[in-house]
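I have placed the structure first, in the form of structure tokens, so that the comments after it can refer back to it.
Written out as structure tokens, the structure reads:
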């Protein structure tokens, strides 16, 4: 199951300050076409049975600055210091059978509400994802705690917006993605492009894991 802990501003600030070399609608009963569009100029990242494209200036979080070590991928713009906290995008690979998408969504909602009691959680929206049988996303909004960034900058509480994308596949693994940012920096167009670039191929997950 997706690790449910939300990203605090402190975690969002845990970004590397040096650039990194680039590495490599409605649900239906059938799997969506195994094709997706990568926006021009973006870079493609690959994980266990999935690929996703992100803006070219986004870099992987170093291990000692990750907000969620259980994520397969944690990436975002480089943190420049101060209160300008950048967005973060995470990918999760669920290798154990929890249940159908409706059950996974219900469990995740309960976990999020338990961890952030004051969070407001929205209704689900269906979306098409290449290689998936179905997928939904929902948002939660909350105010972060005050904290200190990895550069020592004081961080005031901020209004946050977090989007959870849950993807159903014919077998295992299942997938989840998270886009988290200060509410004023949450960009719908960026999420739309990222989601439109995702391809899941669960049958190749073991190959990616062993490579």
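Residue numbers (the working numbering): 49 to 259.
Cβ atoms here follow ideal geometry from the backbone N, Cα and C, with glycine treated the same way.
Closest option to residue 171, judged by alpha-carbon separation, among 179, 157, 182: 157. The bridge partners DSSP lists for residue 187 are 211. Excluding residues up to 5 positions away in sequence, 139, 213 lie with their Cβ nearer than 6 Å to the Cβ of residue 225 in the same chain.
Non-local C-beta neighbours of residue 183 in its own chain, meaning closer than 6 Å and more than five positions away in sequence, comprise 175, 177, 215, ordered along the chain. For residue 164, the secondary structure class from DSSP, reduced to helix, strand or coil, is coil. Residue state for residue 144 is assigned as coil, using DSSP reduced to three classes. As the crow flies, the alpha-carbon of residue 168 is around 15 Å from that of residue 206. With contacts defined as CB atoms closer than 7 Å, residue 160 and residue 188 qualify as a contacting pair. The beta carbons of residue 125 and residue 135 sit about 7 Å from each other, so the pair counts as a contact at 8 Å. Distance check between residue 217 and each of 242, 94, 245, 152 places 152 closest, using alpha-carbon atoms only. Minimum Cα-Cα distance from residue 252 among the listed residues 163, 229, 95 corresponds to 95. Inclusion of residue 101 and residue 119 in the CB contact set at 7 Å is not warranted, their separation being larger than that value.
Comparing C-alpha distances from residue 244 to each of 154, 203, 180 shows the shortest one belongs to 180.
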